[in-house]
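Colleague:
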Amino acid sequence: MKNKRQFATMILVTAFLFGAIIRFSAPLNADGPVNDGGLFMQMTNDLQANGFALPEFTTYNAGDIPFAYPPLGFYLIGFIQNITGIPLFDLFTWLPALFSTIAIFGFYFLALELTQDHLKSSIAALFYACLPKSYDWFIMGGGVTRAPAILFSFLAIAYVHKLFVTRKARYIFHVSIISSLLILTHPEIAYHTALVVPIFALFLLRDRRSIAHVFTAAFIILVLTSPWWFTVLQRHGIETFQTVLAAHSGNPVSQFLFRMQFNLGGEILLTLVGVFALIGFIGEIRQRGFFLPVWILLGGLVASLPAFILLAINGLESTLKGLGDPTPFAGGFSTKTSRYTLLGLSAYMLMSGIIASSFYGYEFRLLEGEHDAMNWISLNTDPSAEFVVVTGDSSLVDPLSEWFPVLAERVSLATVQGHEWTPEQNLPVSVRMYDQLQGCINQDASCLNSFEFDYVFIRKVKPMREGHVEMRYNILDVSLRTSMDYEIVFENEEAVIYRLIR
């Protein structure tokens, strides 16, 4: 038993180390924040400039965007920046990876609560540490809010389970505090986490006392989060919350089909964990164990990953039994078959995790020439100048469009970030406008006539996930070069800026 516990501890330490290596690979290769975070950095700046009192609006992109986003992450980053003096840009580069690594321990805590087995929980943490869906959006610049939120999500689910199973009122305190921190950090992850509670209630609630505990916790959460939501309601009305809910409603059919692929971990090479999860799913159904399958099918996508991984642990156990080890977990992986299998899995998952993380870092990054172009803009154009930024990318994975308003300090007309909170121009409308602009990259200059702007910024290259950069020849650039209505005011190997001649 002692050797088994030591082996479990070794696996947990390995999970943490593997997770750290994988998570820090992306910002290391990006040489800056991965993908997004520009909006959040400006909101942190606004909060600091306002003496850490909530501003009414953010100055991001001069778009009158309500400062309605839950602010806890901005307070955290702002305080860290004030104490350390480290530039916010650097904090947005590295802290998401650090927070996401810490979340591995939160996952382990949840797995231990659900399995009551240290070895199963440690191997589950190892799986979690290496799966792309455990870090993809959490290591990006916007991970300064997402990564702490997923940690709070795991802890909240664990304590909801404790509250339901033990029926001890003292856990109301834990559920209320952690859930409040989650809500004040990231609304979408909070929503996905909340969807797990009815599933737990379906399988675990058995008396009126437990139901009273749930309502008590909900009331306390409402009170603890009220300084944020009541302030937003007073300033901007209920429409702001209705807008953000509509923006993130999702398509239930596509979400269900995604779950049925059994790749909730987002594995990009061999879907080994997905195969183990499918084996575990079938085994649970055969044994009439419906808790984890229902959790996967009906829980929020983000908060369903723990159930997926726990099913994979069950599938791994069944596989090892089929390979000749009758008690792999109870025996502490004492047979050569079990240990060599785990060793091979670990090596493969580390390799595939580093590859996936490096892909994110290389593909979703700002290039040095783009930094130079934005610096030129901030020094040489009128502060009221408005730009159309043409990259040919997709709205949520377009780092140049999001970071442009912060680094160039000018308006980008088609940037979508922040508009999930603006009823006047909501996210679907903003995405359509963005898509219309990006579609111009392979059309002539007349495609831009529906926009009112002063300058056109064109990304001439495409960062590839393998690490190199490819030239992106496009019709719009050729058309603008030959047009009498535009002149080139800046150009390097990666970007070209045109001024509209009035």
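Sequential numbering of the sequence shown, starting at 0, is according to numbering that gives the first Met the number 0.
Even for Gly, the Cβ is constructed at its ideal location relative to N, Cα and C.
Just list the alpha helix (DSSP H) runs in the stretch 292-366, keeping only unbroken ones of 4 residues or longer that don't cross its boundaries, in chain order.
Modeller: As far as the stretch 292-366 is concerned, its whole alpha helix (DSSP H) runs of at least 4 residues are 304-321, 335-362.
Colleague: Straight-line CA distance for T239 to Y68?
Modeller: For T239 and Y68, the distance between alpha carbons rounds to 10 angstroms.
Colleague: Would you call L244 buried or exposed, if buried means 16 or more other Cβ atoms sit within 10 Å of its Cβ?
Modeller: Exposed: under 16 other Cβ atoms inside 10 Å.
Colleague: Rounded C-beta distance between L365 and G31? I'm assuming under 8 angstroms.
Modeller: L365 to G31, Cβ: 6 angstroms. Contact.
Colleague: Using the DSSP secondary-structure output, state which residues sit across from F456 in a beta bridge.
Modeller: BP columns for F456 point to V388, I496.
Colleague: Of all the alpha helix (DSSP H) runs that stay within the bounds of the stretch 400-485, which reach a length of 4 or more residues?
Modeller: Whole alpha helix (DSSP H) segments, 4+ residues: 426-437, 474-481.
Colleague: CB-CB under 6 angstroms to L77, same chain, minus the five flanking residues each way: which ones, in chain order?
Modeller: According to the sequence provided, residue 77 is Gly. The question's Leu does not apply to it. T43, L46, Q47, listed in sequence order.
Colleague: What residues are listed by DSSP as bridge partners for F489?
Modeller: Beta-bridge pairing links F489 to I496.
Colleague: With Q260 as the anchor, note down where its alpha helix (DSSP H) starts and where it stops.
Modeller: Where Q260 is concerned, there is no enclosing alpha helix (DSSP H), given that its DSSP letter is neither H nor E.
Colleague: Return the residue from the list G273, A413, L268, I79 that minimises the CA-CA distance to R258.
Modeller: Here the closest residue by C-alpha is G273.
Colleague: Provide the residue(s) that pair with P131 in DSSP beta bridges, ordered along the chain.
Modeller: P131 pairs with nothing; no bridge assigned.
Colleague: When you compare the stretch 131-143 with the stretch 21-28, are there three or more beta-carbon pairs, one atom per stretch, that lie closer than 8 angstroms?
Modeller: Result yes; three or more Cβ-Cβ pairs closer than 8 angstroms.
Colleague: At which residues does the alpha helix (DSSP H) containing N81 begin and terminate?
Modeller: Looking at the DSSP string, the run of the alpha helix (DSSP H) that includes N81 is 71-83.
Colleague: Report yes if the CB atom of A302 is closer than 8 angstroms to the CB atom of T184, and no otherwise.
Modeller: No; because the gap between Cβ atoms is not below 8 angstroms, this pair is not in contact.
Colleague: Which value, in whole angstroms, describes the spacing of the CA atoms of W93 and P26?
Modeller: Computed Cα separation, rounded: 7 angstroms.
Colleague: Tell me the rounded alpha-carbon separation between I354 and Y497.
Modeller: One C-alpha to the other measures close to 37 angstroms.
Colleague: For the alpha helix (DSSP H) containing S179, list its first residue and its last residue.
Modeller: S179 -> alpha helix (DSSP H) spans 170-182.
Colleague: Per DSSP, T57 forms a beta bridge with which residues?
Modeller: T57 is bridged to I64.
Colleague: With the cut-off set at 8 angstroms, would you say L109 and I156 are in Cβ contact?
Modeller: In this structure, I156 lies closer than 8 angstroms to L109 by Cβ.
Colleague: Compare the Cα-Cα distances from G265 to each of E490, Y134, T100 and report the closest residue.
Modeller: The option with the nearest alpha carbon to G265 is Y134.
Colleague: Counting C-beta neighbours from all protein chains within 10 Å, is the total for K119 16 or more, i.e. buried, or is it exposed?
Modeller: The residue in question, K119, is buried, as its Cβ has 16 or more Cβ neighbours within 10 Å.
Colleague: Our contact map puts Q442 next to L475 with C-beta atoms below 8 angstroms; I'd like the distance itself, whole angstroms only.
Modeller: Between L475 and Q442 the Cβ distance is about 6 angstroms, and since that is below 8 angstroms, they are a contact.
Colleague: How would you write the range of the alpha helix (DSSP H) that I149 sits in, first residue to last?
Modeller: Start and end: 142-165.
Colleague: Which whole-angstrom value describes the C-beta separation of F17 and L349, a residue pair presumed to lie in contact below a C-beta threshold of 8 angstroms?
Modeller: F17 to L349, Cβ: 5 angstroms. Contact.
Colleague: Please say whether G314 and A306 have beta carbons closer to each other than 8 angstroms?
Modeller: In this structure, G314 does not lie closer than 8 angstroms to A306 by Cβ.
Colleague: Would L426 and A246 qualify as a contact pair, given that the criterion is a beta-carbon distance under 8 angstroms?
Modeller: Closer than 8 angstroms, so yes.
Colleague: A346: buried (16+ other C-beta within 10 angstroms of its C-beta) or exposed?
Modeller: By the 10 Å Cβ count, A346 comes out exposed.
Colleague: When you compare the CB positions of L11 and A124, do they come within less than 8 angstroms of one another, or not?
Modeller: Yes, Cβ-Cβ distance for L11 and A124 is below 8 angstroms.
Colleague: How about the stretch 383-391 and the stretch 405-415: do they share at least three Cβ pairs that are nearer than 8 angstroms?
Modeller: In short, these stretches touch, since the Cβ pair count reaches three.
Colleague: Just confirm the distance between the C-beta atoms of G105 and L162, as a whole number of angstroms; I'd bet it's less than 8 angstroms.
Modeller: With 8 angstroms as the limit, G105 and L162 do not qualify as a contact, their Cβ atoms being about 17 angstroms apart.
Colleague: So, with DSSP's three-state summary, where would you put Q115?
Modeller: In this structure, Q115 counts as coil in the three-state DSSP scheme.
Colleague: Since I believe F280 is in contact with L310 (beta carbons under 8 angstroms), could you give me their beta-carbon distance rounded to a whole number of angstroms?
Modeller: Confirmed, Cβ separation roughly 5 angstroms.
Colleague: What residues in its chain sit with their C-beta under 6 angstroms from that of S351, if we drop five residues either side in the sequence?
Modeller: Once the five neighbours on either side are set aside, the close Cβ partners of S351 are L268.
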